[in-house]
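Take 725 as the starting number for the sequence shown in my numbering and just add one per residue.
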Amino acid sequence: MTIQWRSYTTILVKYLKPQQAKVYLLLGLLLVSTLLQLLGPQIISSFIDGVTTGATVPALVRLALLFLGVALLGYLAKLAETYVSENVGWTATNALRADLTTHCLHLDMAFHNTHTPGELIERVDGDVSQLARFFSQLVIQVLGQVLLMLGILVVLGFTAWRIGLAFTAFAVAALFILIYLRDFATQQLKEERQASAALFGFLEERLGGTEDLRANGATAYTIRQLFVFMRTLWEKSMRAASRAAIFSSVIVVWFQIGAALALAVGAFLFQRQTISIGTVFLLYAYVDMLENPLMLLTQELQNLQEASGSLLRIEALYATQRTITDGAGASLPAGALAIEFADVSFAYGAVPPDGENADNKNDAITNPALTAFSLQLTPGRKLGLLGRTGSGKTTIARLLLRLYEPQQGVIRLGNVDIRELRLADLRQRVGIVTQDVQLFQASVRDNLTLFDATIPDTQILDVLETIGLAGWLQALPDGLDTLLAGTGNGLSAGEAQLLAFTRVFLKDPGLVILDEASSRLDPVTEQLIEQAVDKLLANRTAIVIAHRLATVQRVDDIMILENSRISETGSRIQLAATPTSRFAHLLQTGLESVGQ
């Protein structure tokens, strides 16, 4: 598979342009290093001729000291070149990692449902790491070796123009071979990176479910699957390595022929007394030096092939664009927000509204999560959503947050089509607490504000007091600066859930969604949070998604979903008082869970 040179130049310009000063310094060091390399053989040639012609010892000593000085300066220039190039490379690749991470975070939830975190980690870190050498060494080495090669050919031309012309043709032929074979292993290296990403995705998923795997006796099966992924990676790696070995072997053979020719030509000219013994050395040394840049070019082109595979995958990731984008920037009214779903139908994995074949609505709404769903909720009203798992309750919350886009229908918030809102504005006015609380390896403050430095500590402390966590905070060794583990170790399930409630309090939203938010709370903690929840829902519109009937005792209206459709809806009090209603039946039978 061939990758366009424009892709290389585009990424180079984008990530090296902010480092222009370092790049210019690097080019200067490269030029100095090249000149010093060319000067070394000249000094040795003069030394050899001096010995054969009877030069004085002081003159020979000066030549030896000059050679040592040039070698030392060359070493220092190479050291400085390496340091600056690595600095440039790491700066560029870290910027690329940041851009890729940002891009992934903004992609639709549908993308994340089909790509495991392990796979994305491999793309963001593994593929970018393959490009680190592309930024730090590859371009500089290629440019440096081309300069050295041109310098060698120019010096050979001045020494003996026929020899210079002959070896120029030799070098051009070698370059032609390199260019012709530059994509010889690109496809195989890309497949190797893909196999590595699949292995990382498998490991991330299985290690995350270690407890369930062991408890249900699936360890042996997991190991067998691991062997399958590892064998696939091994096979892809062997194919890539074989192609790379063939590529390098061609160049090695070519330059063995060149070395033999250099020795033969030098011996022939010396016997005819056309050149001195020092010039014979100079000829051989430069031809030998000519081999080094071309061999390094071979290595760098192999590295370029590895970079090509990574760059192809990075471009493919960048080519994946989100379909859910910011609206024109309409504004929402202050306070509690009205909700309206107008004939909304949605299916996970279905064709998006503006996608290919979107006019075929029967295909777009196969296996729906919601079908012709309509809802109107006035500002400040509280709705309890009941239904079995998979009935569409959580889907409603996701659609309100525009994590997904419905295939049919319109959703309005505060009488504004949510597609007209900026995503940040929408999600600032909608607060959600779910059953699973995601905590980060960061301070308590950052976990509560989600890294928003504009929220003052006084506001955080007031909310914690309201929630009932003031005593918990005082017991922490460093207060708001106390670091939490990313997994939430050290916190009870109830404390983690209370921190999630605190996050919503800090947003001060106009709509609150509680998605089975109290399911993880023990009775004592649940009692503690009741008063806080009442305050949270006061003067706000709310949707309470629940399996347990006790959870919806504070709501105004009830809606029961079955098979992606509304089975029953109405005032909670009226439904409870109607003997024929489904809700009344649930209350009369005393079932704790709607799913029973």
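C-beta atoms are modelled at their ideal positions from N, C-alpha and C, and glycine is treated no differently.
For the region 1288-1313, the full-length beta strand (DSSP E) segments reaching 3 residues or more read 1289-1295 along the chain. Under the DSSP assignment, K1106 falls in the beta strand (DSSP E) whose first and last residues are 1106-1111. Its chain contains S1167, V1168, R1169 as the residues whose beta carbon lies nearer than 8 Å to that of D1205, once the 5 sequence neighbours on both sides are disregarded; these appear in chain order.
Taking the Cα positions, I1267 is about 6 Å away from G1108.
In the DSSP assignment, E1286 falls outside any alpha helix (DSSP H) and within the unbroken beta strand (DSSP E) covering 1281-1286.
V781 and F994 have their alpha carbons spaced roughly 25 Å apart. Non-local beta-carbon contacts of L1014 in its own chain, meaning distances under 7 Å to residues more than five positions away in sequence, involve M873, I876, F891, A895 in chain order. Residue environment: P1017 is assigned as buried (16 or more neighbouring CB atoms within 10 Å of its CB, all protein chains considered).
Under the three-state reduction of DSSP output, D1239 falls in the strand class.
Inter-segment contact for the region 916-923 and the region 1002-1009 is absent: fewer than three beta-carbon pairs are separated by less than 8 Å.
According to the DSSP assignment, D1067 belongs to the beta strand (DSSP E) that extends over 1063-1070. Its Cα nearest to that of T838, the residue G1073 stands out among L1021, G1073, L1273. One thing to note: T1095 has its Cβ within 8 Å of the Cβ of S1288.
Assignment of beta-bridge partners to V1157 by DSSP yields L1238.
Where Q997 is concerned, there is no enclosing alpha helix (DSSP H), because DSSP gives it neither an H nor an E. In this structure, L871 places its C-beta atom within 8 Å of the C-beta atom of L754. Beta-bridge partners assigned by DSSP to I1135: F1065. Nearest to L763 by C-alpha distance, out of V775, Y748, L787, is L787.
Note on geometry: alpha-carbon atoms of I970 and R963 lie some 11 Å from one another.
A contact between stretches requires three or more CB pairs, one per stretch, nearer than 8 Å, and the region 1230-1240 meets this requirement with the region 1150-1159. Linking P1303 to T1293 through their CA atoms gives a straight-line distance of about 14 Å. Secondary structure at A1093: coil, using DSSP grouped into helix, strand and coil.
Three or more Cβ pairs drawn from the region 1125-1137 and the region 1052-1068 lie within less than 8 Å of each other, which places the two stretches in contact. Taking all protein chains shown into account, T826 has fewer than 16 neighbouring C-beta atoms within 10 Å of its C-beta and is therefore exposed. By the Cβ criterion, the region 847-860 is in contact with the region 804-821, since at least three pairs of Cβ atoms, one from each stretch, lie closer than 8 Å. Among the bridge pairs identified by DSSP, D1202 is matched with none.
Under the three-pair Cβ rule at 8 Å, the region 1141-1151 does not count as touching the region 1195-1205. One alpha carbon belongs to R930, the other to A1031, and they sit about 29 Å apart. The distance from the Cβ of P1092 to that of S1115 is about 11 Å, inconsistent with a contact at the 8 Å cut-off. According to the DSSP assignment, T1265 belongs to the beta strand (DSSP E) that extends over 1265-1269. The Cβ-Cβ distance between G1033 and F924 does not fall below 8 Å. In this model, G1053 and L1145 are separated by some 5 Å (Cα to Cα). Less than 8 Å separates the beta-carbon of Q1159 from that of E1240. By a beta-carbon distance limit of 8 Å, L1041 contacts R847. Their separation comes to about 6 Å.
Restricting attention to V1140, T910, I735, the CA atom closest to the CA of G1051 is found in V1140. In this structure, V812 lies near L750, with their beta-carbon atoms less than 8 Å apart.
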